[in-house]
Amino acid sequence: MRAATKLSGIELPDWRGEVVRLGSLWEERPVVLVFIRHFG
Amino acid sequence: MRDRIGEIRSRGAELAIVGNGAQHFAAAFREDQKLDCPILIDTELCAYRAAGLRRGRVELLSPRLPRNALRALRAGYRQTSVQGDPWQLGGVFVIRPGGELAYRYVSREAGDHPPVDTILEALAEGAPAVAEEAPRGRLEAWLGKGLSALVDPTIVLSFDRTGFRIHSLAFRPEDLDVDLAGRRCLVTGANSGIGFETALALADLGADVVLLCRSAERGEEAARRIREQTGSRAVAVETLDVSSLASVRAAAARLAGAPVDVLVHNAGVLPSERVETPDGLELTWATHVVGPFLLTKLLLPALERSPGARVIWVSSGGMYTRRLNLDDPNWAWRAYDGVVAYAETKRAQVVLAELWARKLARSGVLVNAMHPGWADTPSVRSSISGFYRLTRAILRTPAEGADTVVWLAASEAARAHSGRFFFDREPRRTHLLPFTRESERDRKALWRLCERAAAEAQSAPAR
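As you go down the protein sequences, you meet chains S and C in turn.
Once you know that position 7 of the first sequence is 7 in the numbering used here, the rest is easy, because the numbers rise by one and skip nothing.
Once you know that position 175 of the second sequence is 1175 in the numbering used here, the rest is easy, because the numbers rise by one and skip nothing.
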């Protein structure tokens, strides 16, 4: 639970440059949040 | 994972990807992989850190790397050019509405991916929360101890980020799996660098944290960031200039009303020229020695009201190069050298920690000192820019520098220690060179000097 609380408020740009608050990703449905090493 | 998106969505969930690197890398990645899910970019790695994901060269140099690479190739993965931080490792989380963590996988090395079926199981209706923490194996701990014995004598490979990665192999993650709810932690110099990361970590563990900062504005900005990243509301700011004894007295009067569980003396300076405080003290001496001494003394009743309270002095590895020098602590007649002043006062901090520990032995208050290694902090960048230019590629992050402070403040394991000097969670020798040893008479003289400096400043007219 602590990880989700920590992540919830963090805002990151998406591939189009639009800012997304991480917590919004799981507001309405579960999310599989995959952290990759790097693009490529 | 890309090929199983349909199965994820059929279970009512969505896939979202966080990577690091430039925006055009993310766009190209989306195009190459034919993905239509959210793809986010974390260039500063703040979400990676918040998620507790690993980063470092040592993790990548694993004996399992060839096996993992082969497994990834068989699964269809093809490494193209690296677009982002090559040392950052990944992980997978399944988070349900409301923030319940249903699944967690922290990659231990490159190519370490969870089986997709375990992720799908966590998405099943009514599935219990399944959280997998990457365990710290015995092999890793032995490897850490063995490599530590090799690199520690080199100093460079011990104090730098490689040293942290190696030492951390022997860390026990459960040491910081604690709940500090109700514990009141005071941190000086908490608006940036190691102080900020210490306050952040303690808040994240549930503590009530008070940031003690010279600038209320910078303190409030730091507090805002901590509240945002941790979700904690118990983050307060108090103005304190630890080099000013009047400021120390005023702050202590405001803070002493409630028990203090943890007091971290982190605030530091490294001026290039001699600066005299309004109390007539040399700035480094005031900030590192007299001010913290007075603050500890004035908060003693509050510390003693908390069972097992802890005082931590953030010293420096530079103290290894100097002995306790009480001949001219204010640099009244020596040609000023800021680096020497810094190292001498950091030596004095280690001695003071030992003296305080001895004095408070019966009260149960634990006092220890530590050094953070070579960390990339705003102070290092501004105060020793030459050193920074030379070492920037190998410096630790401020969070890595703060790790042992947090461990000393929060872990049960640290309860066994008082009067010790720590580096990367291990007690260390305080002398590496024979000429740095002080006599018992000098140690007592340091105590008397601090008492007198604090008392004289109270009675002398303001300059």
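Quick reminder that beta carbons are idealized off the backbone N, C-alpha and C, glycines included.
| query | result |
| --- | --- |
| Where does C1046 of chain C fall in DSSP's three states? | helix |
| Spatial neighbours of T1321 of chain C within its chain, please: C-beta separation below 8 Å, excluding the five flanking residues on both sides. | A1343, L1433 and T1436 |
| Quick one: does C1185 of chain C have its CB under 8 Å from some CB of chain S? | no |
| Of the residues that make up the segment 14-32 of chain S, which ones have a beta carbon closer than 9 Å to any beta carbon in chain C? | D14, W15, R16, G17, V20, L22, G23, L25, W26, E27, E28, R29, P30, V31 and V32 |
| With DSSP run on the structure shown, which of helix, strand or coil describes A1460 of chain C? | With a pLDDT of only 48 at A1460 of chain C, under 50, the local geometry of the prediction cannot be trusted, and no value is derived from it. |
| Just tell me which of C:R1362, C:R1428 and C:R1381 has its CA closest to the CA of G1193 of chain C. | C:R1381 |
| Quick one: does D1117 of chain C have its CB under 8 Å from some CB of chain A? | Structure shown: chain A not included; protein chains present are S and C. |
| From what residue to what residue does the alpha helix (DSSP H) around D1204 of chain C run? | G1193 to D1204 |
| Round the Cβ separation of V1202 of chain C and L1180 of chain C to the nearest angstrom and send it over; I've been treating them as touching at under 8 Å. | In the sequence as displayed, the identity of residue 1202 of chain C is Leu instead of Val. That belief holds up - the Cβ atoms of L1202 of chain C and L1180 of chain C are roughly 6 Å apart, short of 8 Å. |
| Between the segment 1405-1415 of chain C and the segment 1381-1392 of chain C, can you find at least three pairs of beta-carbon atoms closer than 8 Å? | no |
| Tell me which residues of the segment 1225-1256 of chain C have at least one Cβ-Cβ distance to chain S shorter than 7 Å, keeping chain order. | E1228, Q1229, T1230 and G1231 |
| With H, G and I counted as helix, E and B as strand and the rest as coil, what does DSSP make of Y1105 of chain C? | strand |
| Residues of chain S with a CB under 9 Å from the CB of A1102 of chain C: which are they? | P30 |
| List, in chain order, every chain S residue whose beta-carbon is nearer than 8 Å to that of P1097 of chain C. | W26, E27, E28, R29 and P30 |
| For chain S, find out if any of its Cβ atoms is closer than 8 Å to the Cβ of P1135 of chain C; answer yes or no. | Since pLDDT at P1135 of chain C reaches only 49, below the 50 mark, its modelled position is unreliable, and the value read off the structure follows with that caveat. For P1135 of chain C, the answer is no, since every Cβ of chain S falls outside 8 Å of its Cβ. |
| Helix, strand or coil: how does DSSP classify D1036 of chain C here? | coil |
| Taking 8 Å as the CB-CB cut-off, is P1038 of chain C touching chain S? | yes |
| Verify the CB distance criterion: does I1384 of chain C have a CB-CB separation below 8 Å to chain S? | no |
| If the cut is a Cβ gap below 7 Å, which residues of chain S does M1001 of chain C touch? | V34 |
| Between L1150 of chain C and chain S, is any beta-carbon pair separated by less than 8 Å? | no |
| Mind pulling the alpha helix (DSSP H) runs of 4 or more residues that sit fully within the segment 1290-1366 of chain C? | 1291-1304 and 1338-1359 |
| Note the first and the last residue of the continuous alpha helix (DSSP H) segment covering I1226 of chain C. | A1216 to T1230 |
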